[in-house]
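Every position in the sequence shown, counted from 1, becomes a number in the working numbering once 418 is added.
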Amino acid sequence: MVTVYENNEDKNKDVLSSNSNEAKVEEVERVMSSNDELNTLLASKTDAVSSVKVSSANEREDNISKPGNSLKHGTLSSYVETFLNNLQLSINKNMPYESEGNLKVSEVLGGLARLYERIRTTVEYKGEHVLRRNAIERILKRLIWEKGNLISDANVDKLSENLIKELIWARYLKNDSIAKVKISQVSRAINKYLFFLENLDNLPKGVSITQIRNWIWGIASSEIEETVDPSNRELYVVLMNEWFNSNYNWISNSIPKHEREVQIYLAIHRSFTKSDEAVMRYHLLRKEFTNWDNATKDEVYQLINIFPKIHQEIEDHINFSGRMLLFRRMQKHSSAFEIFRAITQSEVKNLGKLLSNRKLFDEKIKEVCEGKYKQIKNKVNTGIIRSVIYIFISKVFLALIIEIPYEIFRFGDIRYIPLFINIGFPPFLMWIIGMSIAIPGAKNTQLIIDKLNSVVYSNESNSKVVFSTERSRSNNILLTAFSAIYALLFILVFGGISYILLGLNFSFFGIIIFFIFISLVLLFIYRVRFNATQLRVNKEDEGLFDHIFSYITLPFLNFGYLISAGLSKLNFLTILLDFIIEAPLKSIIEIFEEWSSYIKEKKEEVIEIPE
């Protein structure tokens, strides 16, 4: 069943065979001509544009000069030169070629799949940057596993096609945009991980096979996402990593140099690309096995033989104790790189002209920033309105089925003041805090311009900013004291509010409901606020009122996080959705898809019959 390469020679033969329908020379030249500005910039060092030579449909040779130094208002930095070279190579690699066409699905019942996906993502909260990867992992588990066991006779090609179709139905991929050749590429990736799991016989100590399967399919979903829709995300991570290491020096007597390098890399993934643990594990595995995406059978066996060691190393990197301190430090730099990514993705044809003229580049940064700020404002306003409505309806529903019956049963009557407070206060609080969220402005834009100029153009200064993540002994003593004070604050806040609520005739059950909803509301609104400040370079200045409000709400935020984390572990609802609802729903859509294709084929036969 598993088609894993025996060795590199077999792999090369397979690559030659799979690429037999690749682009002709004319198609390559046509695509490359659309990137004239980028090519001009890359060739400006030698005042000549290097040509792209294609000796056959199976071989490509890209002769690209490095970016030039004769630019208006400055010279390009070395890390941007490297980035542009790698970007051009990626463009060449992913240029269109002749194939059997793109995968197109019927969208008659696609709305059902999209509706289900919205419900599913609401039940299991995930950041929008990892929704597609999470969907790929979920679909893989449903298609490949049956009652916890791998389906040994699975038709992997058909499975891969169904996977891509489901992603198109759910609007994670555009319809009629994914080449059919991607099906075989996804199949090879799935076969590789199936082969790994089938032959793995040395589990890490204390880790179950179920945990390993989840671990592996998280990595597999990351690779498949890159396969079906290459984003060049890693190019921007490498660029930010090189810039940071050129301008900052992390000193430590207890953390080895290699560990510091890895943690900087992971902090960039967390802050810039918003990668989750599965994506970071995938990239760490690729650093250990550089040929992992095209691994041969022997290379997969190499990983199997040392898997406990590799698993432990990757998990140690992921769970590094100082990761959050480094994440917060990296966060203030990520906004500039997000703007740079938006510019390069939308202005590939004009990239050379933009970067060659600093004034023109600065104007483009302002334009993109203003557009991003408007998007953030619209998202925040829409999110707040929807959330207020959702919470209000949820509270009314909860009151009707639980609170009111409990009040009548316990006290023989309805206590209206506690009921109205429980229904109205949480959405009102969300609306008040939501309206106070500030969107970045012109000052923030100028900081981004300054930051990007230091990234894109050479800086004669060789000095580095020195920093450390280690706390001194006195800081540790203060931290212990602060922890005790915080515990006291926690008791005072919950105790004081409970006393007030009891005075308003709240029951014990009503107080619990109040605390749960307020905690979840505050957690959600601060997540919205956090997302709204992703492009902010510096933190907002807080006044006295903001500090007092933070002291009061912090215990609720922690309580809300504990509730959210606890609910996420109770996965019975997600299992219900995945196997009781999603599986038959997707089967119905697939059958309807086949039926639509059959009817279309019969219709074409009738129309095309000559008289």
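Positions of the beta carbon are idealized from the N, C-alpha and C atoms, including for glycine.
Integer Cβ distance of residue i from residue j, believed to fall under 8 Å
{"i": "F900", "j": "P845", "result": "33 Å between Cβ atoms; not a contact."}
{"i": "N520", "j": "A597", "result": "6 Å"}
{"i": "K861", "j": "A754", "result": "That belief does not hold up - the Cβ atoms of K861 and A754 are roughly 14 Å apart, past 8 Å."}
{"i": "L778", "j": "L769", "result": "About 11 Å separates the two Cβ atoms, so there is no contact after all."}
{"i": "I855", "j": "I757", "result": "Not a contact, Cβ separation roughly 20 Å."}
{"i": "L940", "j": "F974", "result": "5 Å"}
{"i": "S640", "j": "R551", "result": "6 Å"}
{"i": "G842", "j": "I943", "result": "Between I943 and G842 the Cβ distance is about 16 Å, and since that is not below 8 Å, they are no contact."}
{"i": "S876", "j": "T493", "result": "5 Å"}
{"i": "V873", "j": "S495", "result": "7 Å"}
{"i": "N659", "j": "K882", "result": "Not confirmed; about 15 Å, so no contact."}
{"i": "V655", "j": "T691", "result": "6 Å"}
Reference residue i, options the options, closest by Cα
{"i": "I850", "options": "S879, E641, I802", "result": "I802"}
{"i": "Q793", "options": "V599, P858, V911, G978", "result": "P858"}
{"i": "E652", "options": "D619, R704, I601", "result": "R704"}
{"i": "E643", "options": "I669, E677, R678, A696", "result": "A696"}
{"i": "Y969", "options": "V911, I936, G978", "result": "V911"}
{"i": "K750", "options": "I841, T863, N775", "result": "T863"}
{"i": "Q763", "options": "S752, L702, V786", "result": "V786"}
{"i": "I554", "options": "D694, Y590, K692, V523", "result": "Y590"}
{"i": "Y791", "options": "R699, Y683, S739, R954", "result": "R954"}
{"i": "F967", "options": "Y875, N775, L847, I557", "result": "L847"}
{"i": "V523", "options": "S595, K559, Y534", "result": "S595"}
{"i": "I931", "options": "I820, I918, F948, I826", "result": "I820"}
{"i": "S879", "options": "K576, F501, N665", "result": "N665"}
{"i": "D734", "options": "N712, M698, T800", "result": "M698"}
{"i": "P1002", "options": "T691, R560, G789", "result": "R560"}
{"i": "N617", "options": "I722, S982, S1014, L972", "result": "I722"}
DSSP-derived helix/strand/coil call for residue i
{"i": "A441", "result": "Confidence in A441 is poor, its pLDDT being 39 and thus under 50, which makes the residue's placement unreliable; the coordinate value appears in the next sentence. Coil."}
{"i": "F738", "result": "coil"}
{"i": "Y590", "result": "coil"}
{"i": "L621", "result": "coil"}
{"i": "N580", "result": "helix"}
{"i": "I832", "result": "coil"}
{"i": "A856", "result": "coil"}
{"i": "I757", "result": "helix"}
{"i": "A607", "result": "helix"}
{"i": "N520", "result": "strand"}
{"i": "I596", "result": "strand"}
{"i": "N923", "result": "coil"}
Start and end residues, beta strand (DSSP E) containing residue i
{"i": "W668", "result": "666-668"}
Endpoints, the alpha helix (DSSP H) within which residue i is located
{"i": "V884", "result": "Taken as a continuous stretch (DSSP letters only), V884 belongs to no alpha helix (DSSP H), being part of the beta strand (DSSP E) at 883-885."}
{"i": "L505", "result": "496-511"}
{"i": "D780", "result": "776-816"}
{"i": "Y944", "result": "926-950"}
{"i": "K382", "result": "A question about residue 382 goes unanswered here, because the residues of the chain that appear run from 419 up to 1029."}
{"i": "I702", "result": "Here residue 702 is Leu; the residue named in the question, Ile, does not match the sequence. Here the alpha helix (DSSP H) through L702 covers 695-706."}
{"i": "E717", "result": "715-723"}
{"i": "S689", "result": "675-689"}
{"i": "N632", "result": "627-646"}
Contact set for residue i: own chain, Cβ-Cβ below 8 Å, skip 5 residues either direction
{"i": "L922", "result": "I835, P836, I839"}
{"i": "S670", "result": "R678, S886, T887, E888"}
{"i": "S672", "result": "E888"}
{"i": "I627", "result": "L621"}
{"i": "A817", "result": "L837, N840, I841"}
{"i": "I582", "result": "L521, L591, I596, K600, I601, V604, V646"}
6 Å CB neighbourhood of residue i in its chain, flanking five on each side removed
{"i": "Y611", "result": "I634, A638"}
{"i": "V574", "result": "S605, I608, N609"}
{"i": "H729", "result": "P622"}
Test: residue i CB closer than 9 Å to a CB of chain D
{"i": "T951", "result": "The chain inventory of the structure shown lacks chain D, comprising one protein chain alone."}
Residues near residue i in its chain [Cβ-Cβ closer than 7 Å; skip 5 each side]
{"i": "A950", "result": "I794, V798, I855, I857"}
{"i": "F1032", "result": "Nothing in the structure corresponds to residue 1032, since the chain is present only between 419 and 1029."}
{"i": "N504", "result": "L653"}
{"i": "D780", "result": "I867"}
{"i": "Y700", "result": "I637, S640, E641"}
{"i": "L702", "result": "I732, H735"}
Any non-hydrogen atom of the ligand MN closer than 8 Å to residue i Cβ
{"i": "E525", "result": "This structure lacks the ligand MN, and indeed carries no ligand of any kind."}
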